[in-house]
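K.L.:
First residue of the sequence shown? That's 3 in the working numbering, and the numbers climb one at a time after it.
One structure, pasted below without further comment.
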Amino acid sequence: TRKRKTIIISYFDKLYKENQDSFFNDLEQIIINEERAMLVTANPEVFSRAEQNKELHEALMDQETMISPDGEGVVKAARILNYSIWGKIAGVDTVQHLLEFCNQCKKTVFFYGSKQEVLDELSKKLKIDYPNIIIKGMRNGYDYNETVVFDEIKNTAPDLILVALGVPKQELAIYRYLKKVDKGLFIGVGGSLDVLSGVKKRAPKFIIRCKLEWLFRLLKEPRRIKKFYQTHITFLFKIRKLKR
Ligand code: UDP
Numbered sequence: 003t004r005k006r007k008t009i010i011i012s013y014f015d016k017l018y019k020e021n022q023d024s025f026f027n028d029l030e031q032i033i034i035n036e037e038r039a040m041l042v043t044a045n046p047e048v049f050s051r052a053e054q055n056k057e058l059h060e061a062l063m064d065q066e067t068m069i070s071p072d073g074e075g076v077v078k079a080a081r082i083l084n085y086s087i088w089g090k091i092a093g094v095d096t097v098q099h100l101l102e103f104c105n106q107c108k109k110t111v112f113f114y115g116s117k118q119e120v121l122d123e124l125s126k127k128l129k130i131d132y133p134n135i136i137i138k139g140m141r142n143g144y145d146y147n148e149t150v151v152f153d154e155i156k157n158t159a160p161d162l163i164l165v166a167l168g169v170p171k172q173e174l175a176i177y178r179y180l181k182k183v184d185k186g187l188f189i190g191v192g193g194s195l196d197v198l199s200g201v202k203k204r205a206p207k208f209i210i211r212c213k214l215e216w217l218f219r220l221l222k223e224p225r226r227i228k229k230f231y232q233t234h235i236t237f238l239f240k241i242r243k244l245k246r
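The structure is reproduced here in structure tokens:
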């Protein structure tokens, strides 16, 4: 278990701990400088899975990968382990901020994943709210071959690539192709496109402020409870043990 301990600690060492503004600024710099990078918006599930999955572990530890704390579970765990951390940076806020930035700077974006109806709604929204974004492509996560889509991404060389295939499929898919492209900020965005399109509702603001968004999601989607217990609760127990 000594090895285990160092594995999980290495994720926390790498986790972004400064405030949200400096994080968004760092991401903007990646786009402005046309660098190649991958962002993992991590919740406990990501870390638990990475411990067991060599490829996901490599993806997280790669020097072109950034990890942001997209969950109170991760923030809490970091604090238990005595890291000083600003707090949760929600994936959906990150995506929204980057879309605003890409709109201001007329940058190019590719959307891969989620259902076709979600992409249809999203594309209507983008036209209204972010009219200057140049959309290089939109492919749902069910009807297209991953290799073909990533070839399209390579050929169109977008500035920002949002991949919504669920954890850990999206992270693994991105990492498999990352080194083949020349530039681009790749983000595994989970259910963020569902929210931004308006198809799914995010928790009301006061619930977010009370840090109870996770509870709202569980109540809305009870099928997540089993997975939540397996990944989040056991995760915090494990972290507490590590501390001893
Ligand atoms: N998704 C997809 N293809 C798949 C599985 C999932 O496009 O084969 C999409 C799904 O429509 C949703 C997103 O991935 O928009 C995240 O899925 P989910 O909320 O189940 O995953 P989580 O965020 O819990 O990892």
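Virtual Cβ for every residue (Gly too), placed ideally from N, Cα, C.
None of these values were measured; they are calculated from a predicted model.
When every heavy atom of the ligand UDP is checked, does at least one fall within less than 7 Å of the C-beta of aspartate 196?
P.N.:
yes
K.L.:
Please identify the residue among Tyr132, Gly75, Val169 whose C-alpha is closest to the C-alpha of glycine 115.
P.N.:
Val169
K.L.:
On the premise that asparagine 105 lies in contact with tyrosine 132, defined as a C-beta separation below 8 Å, what is that separation, rounded to the nearest angstrom?
P.N.:
Indeed they touch by this definition, with Cβ atoms about 4 Å apart.
K.L.:
Do you know offhand how far lysine 213's Cα is from tyrosine 85's?
P.N.:
19 Å
K.L.:
Let me check you understand the geometry: is the CB of glycine 143 closer than 7 Å to at least one non-hydrogen atom of the ligand UDP?
P.N.:
yes
K.L.:
Compute the distance between the beta-carbons of glycine 193 and glutamate 123, then report whether it is under 8 Å.
P.N.:
no
K.L.:
Relative to the ligand UDP, is the shortest distance from any of its heavy atoms to the C-beta of leucine 124 smaller than 7 Å?
P.N.:
Incorrect: leucine 124 has no Cβ contact closer than 7 Å to the ligand UDP.
K.L.:
Taking the C-alpha atoms as reference points, what is the distance between lysine 185 and lysine 90?
P.N.:
27 Å
K.L.:
List the DSSP bridge partners of threonine 110.
P.N.:
Ile136
K.L.:
In the DSSP assignment, find the beta strand (DSSP E) that holds leucine 164 and state where it starts and stops.
P.N.:
Run containing leucine 164: 162-166, per the beta strand (DSSP E) assignment.
K.L.:
Check whether chain D comes within 8 Å of valine 42, counting only Cβ atoms and requiring the distance to be less than that.
P.N.:
In the displayed structure, chain D is absent; only one protein chain is listed.
K.L.:
Can you give the beta carbon distance from valine 97 to leucine 180, rounded, assuming they're within the 8 Å contact cut?
P.N.:
Not a contact, Cβ separation roughly 18 Å.
K.L.:
Quick check on leucine 221: does DSSP put it in helix, strand or coil?
P.N.:
DSSP places leucine 221 in helix when its eight states are reduced to three.
K.L.:
By how many angstroms is the C-alpha of phenylalanine 25 removed from the C-alpha of leucine 167?
P.N.:
24 Å
K.L.:
Need the endpoints of the beta strand (DSSP E) that arginine 81 sits in, please.
P.N.:
No beta strand (DSSP E) contains arginine 81, which is instead part of the alpha helix (DSSP H) from 74-82.
K.L.:
Restricting to Cα atoms, I'd like to know which of Val191, Lys127, Val111, Leu221 is closest to lysine 156.
P.N.:
Val111
K.L.:
The alpha helix (DSSP H) with threonine 236 in it runs from where to where?
P.N.:
For threonine 236, the uninterrupted alpha helix (DSSP H) segment begins and ends at 236-245.
K.L.:
Quick check: what's the CA-CA separation for glutamate 30 versus threonine 158?
P.N.:
20 Å
K.L.:
Under 7 Å: does the beta carbon of leucine 167 sit that close to some heavy atom of the ligand UDP?
P.N.:
Of the heavy atoms belonging to the ligand UDP, at least one sits nearer than 7 Å to the Cβ of leucine 167.
K.L.:
Does the beta carbon of lysine 117 fall short of 7 Å from some heavy atom of the ligand UDP?
P.N.:
yes
K.L.:
Cα separation between asparagine 27 and isoleucine 69?
P.N.:
15 Å
K.L.:
From this set, Ala79, Gln22, Ile130, which residue's C-alpha is nearest tryptophan 88's C-alpha?
P.N.:
Gln22
K.L.:
Since leucine 29 sits in a beta bridge, which residues does DSSP pair it with?
P.N.:
Leucine 29 pairs with nothing; no bridge assigned.
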